[in-house]
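Heads up: the structure comes next, in structure tokens.
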Amino acid sequence: MVSAHLLVWVAALIMQSALLGRAMFAIMSLSDLENDFLNPYDLCGRLNRYVGVEYAVQGALALSLLLSGNWFTGAAHLAVLGYMVHLWAGNKVYVDATDAFRQLPEQKRQRLVQLGAHTALFMVVVYRLIETAVHTLMTPEGRALTQRLLKEAAGSTHGY
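Taken in order, the sequence shown gives residues -20 to -1, 1 to 140; the numbers are from mature numbering (1 follows the signal peptide of the UniProt record, and there is no 0).
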């Protein structure tokens, strides 16, 4: 059986990748607006649609890491969630189509801060995933599981 800690880190990698992709998408969309490739109404549709999902994923990620005993990484994700809640409380999360050009510099700054935080945390999550995978595979049960999986994989690729 696969370690529960390994599953937590795999789930964390998936969620962190989604958050990182969302931050990059937001910055590209804001740059498109700045360069007149996108109108403000389309920008609002792109960015405002997934705000709730972004908050839910960030909260689930922080909660899952804290509940699994990964205190430092969970606290770091909780800090990012705190920043996001601060933006939400100040009504700075949503882009208004009638005021998009005036909000552009502040929105880009906020999204760049989030991108930096998500990039740093992505590296931490990848490191911890690899570390947990190596430690899981170094146990006798892990070696037996790896041997069985590799044998099944080799058998399925050659049609045996």
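Glycine included, C-beta positions come from ideal geometry on N, C-alpha and C.
Rounded straight-line distance, which links the Cα of residue j to that of residue i
i           : j        : result
Ala78       : Met8     : The residue asked about is misnamed: residue 78 is Thr in this sequence, not Ala. Near 20 Å, if we compare the C-alpha coordinates of Met8 and Thr78.
Thr116      : Arg26    : 41 Å
residue 141 : Asn19    : In this structure the chain extends from -20 to 140, so residue 141 is not present and cannot be described.
Leu101      : Leu13    : 28 Å
Val37       : Leu(-2)  : 8 Å
Asn28       : Gly122   : 44 Å
Lys131      : Ile110   : 22 Å
Leu(-14)    : Arg82    : 44 Å
Phe52       : Gly96    : 18 Å
Phe5        : Ala42    : 22 Å
Ala(-9)     : Val114   : 17 Å
Met118      : Gly70    : 48 Å
Gln94       : Leu47    : 23 Å
Glu34       : Gln(-5)  : 10 Å
Asn50       : Ala134   : 35 Å
Leu45       : Val(-19) : 17 Å
Thr112      : Phe17    : 44 Å
Val105      : Leu84    : 31 Å
Leu129      : Trp68    : 46 Å
Gly62       : Lys88    : 19 Å
Assigned secondary structure, residue i (DSSP; H/G/I helix, E/B strand, else coil)
i        : result
Val(-19) : coil
Asn28    : helix
Met103   : helix
Phe17    : coil
Asp12    : helix
Asp22    : helix
Gly39    : helix
Test: residue i CB closer than 8 Å to a CB of chain C
i       : result
Ile(-7) : Here chain C cannot be found, since the structure has a single protein chain.
Buried versus exposed, by CB contacts within 10 Å (16 or more), residue i
i        : result
Gly54    : buried
Val60    : buried
Asn15    : exposed
Arg108   : buried
Trp(-12) : buried
Ala80    : buried
Candidates the options, of which the one nearest residue i by Cα
i       : options                     : result
Arg91   : Gly1, Val(-19), Leu(-15)    : Gly1
Ile(-7) : Arg89, Leu67, His98, Ala134 : His98
Met64   : Ser11, Ala3, Tyr21, Phe81   : Ala3
Met103  : Leu43, Ser44, Ala56, Gly49  : Ala56
Asp22   : Ala(-17), Val75, Trp68      : Val75
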